[in-house]
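First the structure, in the form of structure tokens, and then the observations on it.
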Amino acid sequence: EQKKAMNPQPRVFDQTLIQELKEAQDMRDGLQSAISNKSLFLCYQPIISAKNGNAVAFEALLRWRFSDKLVPPTVFIPLAEQSGLIKEIGSWVLHRACIDASQWQDHCDASVSVNVSVMQLLDDTFINDLDKALLTSGLAPDKLHLEITESMFADNKKKVVEQLDAIKQRGVEVSIDDFGTGYSSLSQLQNLSFDTIKIDRTFVANIKQGGEAIIRATIFIASEFGCRIVAEGVETEEDAALLRELGVEYLQGYLYSKPVEKEFLPPWFGDGIDLQRKLG
Ligand code: C2E
Ligand code: MG
Ligand code: MG
Ligand code: MG
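Counted from 1, the sequence shown has number 633 at position 236 by UniProt numbering; the numbering is strictly sequential.
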């Protein structure tokens, strides 16, 4: 037993591994043509005001249909990053999301929130591309939020700060995604311009097992930095009630809606906002 623990078995180059490598290679090849063959598409998930239940934003979540299967973004985004394809794919997402959001502005004033990879953000063409997406869609810059994961502040700090400043100059908002799961220190965060902190869903899932303390601390940090707070992964009414009590202003999760193609977004979000307009 002990011997085994000290000498972990090296991974044998067996059939399963060969199969896995082949699948990864097939996916990399498939991704290459994913934009041109229209197998990429966006789903949207609402971010809800805890006060009145209106959707304040929709997060764009990328989907890829590959040989009759839906490959999860947690699988293909890293592949796209490794091959550098993320720049092209990320650009497609940004343009598509801005166009979609400019279209729903006719019925509702919710923003669109787009996930951006570190590799995409640090590319020299990113800001130019951002300007192009805003210009061609006609979307007001303050209706666009870019979600950047906390873990990306670990390296390339100077360049990240520069890029975020350039984004903010344009009036586009910045959200820190998966907050609490990365390794950035509070002093690092202090130098960054951002508008929203998104509490990672692992803390919401563990709200009764210690997550509450982290959520309270995050709410305190957000108020000190003067930024908004969104809790992800809200699955039950009980979670929502607890989060509301703690003072979380915005909620997102399966309780309200799974990510869906824009045609299938629940109609109530628009109604809510129209109603609010009529009342206001
Ligand atoms: P994320 O940005 O943190 O997105 C939240 C993930 O949690 C999404 O998974 C969403 O479907 C899922 N989720 C939302 N509500 C709930 C809930 O109540 N319960 C549970 N269990 N899950 C919930 P998804 O769509 O599979 O995306 C995974 C990750 O892939 C995203 O995490 C994001 O980091 C990345 N991603 C997705 N689309 C893009 C994209 O266009 N560009 C880049 N760079 N990354 C993307
Ligand atoms: Mg996100
Ligand atoms: Mg997130
Ligand atoms: Mg996440």
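For each residue, glycine too, the CB sits at the ideal point set by N, CA and C.
Buried or exposed: which applies to T522, given that a residue is buried once 16 or more other Cβ atoms fall within 10 Å of its Cβ? exposed
Using a Cβ-Cβ cutoff of less than 7 Å, which residues in the same chain neighbour G577 once the five nearest sequence positions on both sides are dropped? I596, D597, F600, I611 and T615
Within this structure, are the beta carbons of I432 and E485 separated by less than 9 Å? yes
Assigned secondary structure, P443 (DSSP; H/G/I helix, E/B strand, else coil): strand
Can you tell me where the alpha helix (DSSP H) with K484 in it begins and where it stops? I483 to W501
Other residues of its chain near K400: CB distance less than 7 Å, five sequence neighbours each side excluded: Any reading at K400 must be qualified, since the residue scores a pLDDT of 48, below 50, and its modelled position is unreliable; the value itself is stated next. None.
From V509 to K540, what does the alpha carbon distance come to, in whole angstroms? 6 Å
Entirely enclosed beta strand (DSSP E) segments - the region 497-565, minimum 3 residues: 508-513 and 541-546
Beta-carbon spacing of L458, C495 below 9 Å: no
State buried or exposed for F473, treating a residue as buried only when at least 16 other CB atoms are found within 10 Å of its CB. buried
Considering only heavy atoms of ligand 2, does any lie closer than 8 Å to the CB of E544? yes
Count the CB pairs spanning the region 543-563 and the region 496-508 that are closer than 8 Å, and state whether there are at least three. no
Indicate whether M516 and E544 have their beta-carbon atoms separated by less than 9 Å. no
For ligand 2, is there a heavy atom less than 8 Å away from the beta-carbon of S510? yes
Measuring only the C-alpha atoms, how far is D426 from F438? 18 Å
Please state if the CB of A628 and the CB of residue 688 are separated by a distance shorter than 9 Å. Residue 688 cannot be examined here, being either before or after the span of the chain that is shown, 398 to 677.
Kindly indicate which residue of E570, S620 and I564 has the alpha-carbon position closest to the one of N525. I564
Distance cut-off 8 Å: D526 Cβ against heavy atoms of ligand 2: no
Kindly provide the ranges of any beta strand (DSSP E) runs that are 3 or more residues long and lie completely inside the region 600-668, ordered along the chain. 625-628
Alpha-carbon to alpha-carbon, D411 and E660: 45 Å
Range covered by the beta strand (DSSP E) that runs through S572: E570 to F576
Can you name, in chain order, every residue of its own chain whose Cβ lies under 8 Å from the Cβ of A447, other than the five neighbours on each side? A637, L640, R641, V645, E646, Y647 and L648
Have a look at G669 and D423 and give me their C-alpha separation to the nearest angstrom. Residue confidence for G669 is low, a pLDDT of 44 falling below 50, so the modelled location carries little weight and cannot support an answer.
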